[in-house]
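J.: Below: one structure in structure tokens.
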Ligand SMILES: [Zn+2]
């Protein structure tokens, strides 16, 4: 066991550039004592309040076994050469999903094809196996979006997460298809007018209706309105509308417009993101055009938040030139407030200046350690997480695709702890960052990002108190972000009293 001064040195060294509010030494001390004990560490981190998950895709977060269960009465047909499930009225009985999954081998083959389970690199790279999996089961996730939502939210609740900012495409790309029907016009203002004339507002209205339907299903499934609500009912849920970047520009713009409109009209949709392989041919070809589209819409909808996958690349995956500007352009052209992955930061032009800019502008990087290891083969000392932390760039840990990656939020904290030996206060800052840099509206509980100064309305209160003072309560009632942060602090008080 470490003595007090050794712990203090360890915490100082690992807290790096941010000053972290002191936490009860016993919790830090306990954490240090179990850092090399995988079972106790896992249990500790499972129970630790983990703020929120800001980078989680609805379409990649259901476990394959669950999807098979959701689809058991759908009579889907499985193409056994690709393990793709789809609707096909001419399907031979032997290819029906319900018949294939009667044998353990049949079900195993699907689980392996629909996730990274048992994956070994051979003909197919981890990157390709990962991205190829989505189309194999999308007939299920699109039909059973309520079940998938319930699964994701319940998993988050069980792991003591407070908040989930989930990436969704509730219109099933109807807005992209509307863009296709209109065709490309480089005058984005005219293109926007045409999309309105063609009825994009109806698609935006349907997005809200779809969220209503799925949330109603979820609340019933998790028994949220009963006296025995499941843990997921305590998770605040918001959405990012996700745009498929591997489409022609008219489709990308159609989706982007739907996303910005939805985020302006439905408070549950807090922003937009862009998905699909960043190294894909269209994404690489149109990267700056896509950033300009987002930048254009940002000027029209300045209150809509923007998070973008950028720098989910490594040398060899794309030509070297492609590694030099994606993160910077996402920030400087598209006005991204958060960056998903940012793995290739060391290949960006003027990296030090860019890191400095990210730190000064509080541009957060959403780090998904399991995903980066599986898709990009970047882990351990090859991962830039410590680089970001040392540069003072805000960091959150996120899951990306829990189902395909067979992972969860606890695992992200475990990998961060064991690989980089972060202190408990640093892990706590990752957790707090997930709310501070969330796109929730309202003022924050903290006046600073080092979590030293509580805002004046609550500064005389005991942090995380069950019954805040009248002034503090009034502030929390009016500020959703602060209210979530108070809830997180409440959970930290309880957790730290137990350890
Ligand atoms: Zn992602």
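Residue numbers (the working numbering): 57 to 555. The C-beta atom is built at its ideal place from N, Cα and C for all residues, glycine as well. As the structure is a prediction and not an experimental result, all values here were calculated from the model.
Mapping the DSSP letters down to three states, classify residue 131 as helix, strand or coil.
T.: Here residue 131 sits in coil by DSSP.
J.: Roughly how many whole angstroms lie between the Cα atoms of residue 550 and residue 87?
T.: 16 Å
J.: Starting from residue 417, trace the alpha helix (DSSP H) in both directions and tell me its first and last residue.
T.: 407-417
J.: Mind checking whether the beta-carbon of residue 400 lies closer than 6 Å to any heavy atom of ligand 1?
T.: no
J.: Buried or exposed: where does residue 307 fall if 16 or more other Cβ atoms within 10 Å of its Cβ makes it buried?
T.: buried
J.: Threshold first: 4 residues or longer. Then list the alpha helix (DSSP H) segments lying entirely within the stretch 360-395, N to C.
T.: 382-388
J.: Using the C-alpha atoms, what's the distance from residue 430 back to residue 140?
T.: 21 Å
J.: Classify residue 597 as helix, strand or coil using the three-state DSSP reduction.
T.: Absent from the structure is residue 597, since the part of the chain shown begins at 57 and ends at 555.
J.: Is residue 301 helix, strand or coil by DSSP?
T.: Looking at residue 301 - three-state DSSP - the assignment turns out to be coil, as it is neither helix nor strand.
J.: Evaluate residue 509 with the Cβ neighbour count: other Cβ atoms within 10 Å of its Cβ, from every protein chain shown; 16 or more gives buried, anything less gives exposed.
T.: exposed
J.: Ligand 1 and residue 464: does any heavy atom of the ligand fall closer than 6 Å to the residue's C-beta?
T.: no
J.: Cβ of residue 461 versus every heavy atom of ligand 1: is any distance shorter than 6 Å?
T.: no
J.: Where does residue 3 fall in DSSP's three states?
T.: Since the displayed the chain opens at 57 and closes at 555, residue 3 lies outside it and no answer follows.
J.: Measure the C-alpha to C-alpha separation of residue 455 and residue 108 and round it to an integer number of angstroms.
T.: 10 Å
J.: Residue 349 and residue 381: beta carbons closer than 7 Å?
T.: no
J.: DSSP state of residue 400, grouped into three classes?
T.: coil
J.: Kindly indicate the opening and closing residues of the beta strand (DSSP E) around residue 223.
T.: 219-224
J.: Compute the Euclidean distance between the alpha carbons of residue 407 and residue 450, then round it to the nearest angstrom.
T.: 16 Å
J.: Going by the DSSP bridge assignment, what does residue 295 pair with across the sheet?
T.: 222 and 325
J.: Answer yes or no: the CB of residue 109 versus the heavy atoms of ligand 1, is any distance below 6 Å?
T.: no
J.: Are residue 538 and residue 499 closer than 7 Å when you measure CB to CB?
T.: Closer than 7 Å, so yes.
J.: According to DSSP, is residue 77 part of a helix, a strand, or is it coil?
T.: Per-residue confidence for residue 77 stands at a pLDDT of 49, beneath the threshold of 50, marking its modelled position as unreliable; the derived number appears in the next sentence. Correct three-state label for residue 77: coil.
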